[in-house]
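Oh and the sequence shown: position 91 is 91 in the UniProt record's numbering, straight run, nothing missing.
Using N, Cα and C, we set each Cβ at its ideal position, and we do this for glycine too.
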Amino acid sequence: PKDILIIGRIFPESEIFREGAFQIEMKLTPNFPFDPPEVRFLTQIYHPNVAKDGKFCHELLVREAKYSNKMALVDAVKAVIQYIDTPNLEHPMRADVGCEYVENRSEFNRQALECVRQHALLRN
């Protein structure tokens with residue numbers, strides 16, 4: 001058995017991120033649905049919950065946390081969008097960006113918007 005890779009786009013709705021679309025990859029292991037999908041951003045994004053290499057983490061997608069093998073893939077995609085629109089600052093992948101989001105929102109907004117304009121895909 002091999003991993004299955006699904007590549008698609010998400011369309012966040014928050015003020016900054018709605019200016020673009022973001023390509024993500026969902027990797028399903030041979031043990032799916034008993035193992036959660038692994039999500040990685042293929043489009044660069046400046047966000048507390050996305051590592052520089054694109055790795056994304058959400059408690060709904062962590063087996064030891066809240067993941068259920070009854071979760072549909074569409075729900076996993078919705079969870080990703082929800083985190084992009086409303087960052088989880090308790091479990092950031094990038095602590096420095098999470099601190100900036102809390103302590104200097106205008107600088108976070110500036111850097112995030114610059115990244116969207118440089119790297120995000122067109123919404124069409």
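Beta-carbon separation (whole angstroms), F56 vs L121, contact threshold 8 Å: Separation of the CB atoms of F56 and L121 is rounded to 17 Å, and the pair is thereby denied contact status at 8 Å.
Rounded distance between the beta-carbons of V39 and I24, thought under 8 Å: 6 Å
Supposed close pair V80, L89 - CB separation, criterion 8 Å: About 16 Å separates the two Cβ atoms, so there is no contact after all.
Proximity below 9 Å, CB of D85 to CB of P12: Less than 9 Å divides the Cβ of D85 from the Cβ of P12.
Spatial neighbours of D3 in its chain, beta-carbon cut-off 8 Å, leaving aside the 5 residues before and after: Scanning its chain for C-beta atoms nearer than 8 Å, with the 5 sequence neighbours on each side dropped, one finds around D3 the residues K27, L28, T29, P30, in chain order.
Test item: CB-CB of H91 and N124 under 9 Å: no
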